[in-house]
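The structure under discussion appears below in the form of structure tokens.
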Amino acid sequence: MKLLQQLIGRKRGISQAGVARRAQAVIHHVIFDVGRSSLAGGTFVLDKAFRLRFLSVTARQRHGMIASVRLGDIAESAPFREPVMHAAGDSAAIRAHSASLATAVVRELRLQSAAFRALPLNEG
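Start counting the sequence shown at 30; every next residue gets the next number (the working numbering).
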């Protein structure tokens, strides 16, 4: 019965807040896996299914991609490029800057994509 409910039940709605949470999770993951400088030089890509992905290089426009945000173009990525941030191991500062960067990524996605702007702000 549970399987049947999963097959015909409503799928969890995608919202702008959900994409923002995903952005923040990816930022944390990238910082600790490949480093802050790789994060600052990378690109976030949003596809037609509203899946947010991080690429460590500048992305070319591809079929199925509705928006891309190059982090080097966002002012909020500046702290991740500074040597002081690399030397400081302050996790609270990193979390604050990560949250700010995630907010900026969502702001840029809104500017680029009417489909993304049409998503509800929060899960409903």
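C-beta: ideal position from N, C-alpha, C; glycine also.
Cβ of residue i within 8 Å of Cβ of residue j?
{"i": "Leu81", "j": "Arg51", "result": "yes"}
{"i": "Ser67", "j": "Val59", "result": "yes"}
{"i": "Ile56", "j": "Ser120", "result": "no"}
{"i": "Glu105", "j": "Ser142", "result": "no"}
{"i": "Ala69", "j": "Leu100", "result": "yes"}
Identify, in the order they occur along the chain, each residue of the same chain with its Cβ nearer than 8 Å to the Cβ of residue i, setting aside the five sequence neighbours on each side.
{"i": "Val63", "result": "Ser85"}
{"i": "Glu152", "result": "Arg41, Gly42, Ser44, Ala46 and Gly47"}
Taking the beta carbon of residue i as the centre, do at least 16 other beta carbons fall within 10 Å, making it buried, or is it exposed?
{"i": "Gly93", "result": "exposed"}
Report the three-state DSSP secondary structure of residue i (helix, strand or coil).
{"i": "Ala96", "result": "strand"}
{"i": "Phe73", "result": "strand"}
{"i": "Phe83", "result": "strand"}
{"i": "Gly47", "result": "helix"}
{"i": "Gly101", "result": "helix"}
Short of 6 Å in beta carbon distance, which residues of its chain neighbour residue i, apart from the five on each side in sequence? Order them along the chain.
{"i": "Leu138", "result": "Leu75, Ala96 and Phe145"}
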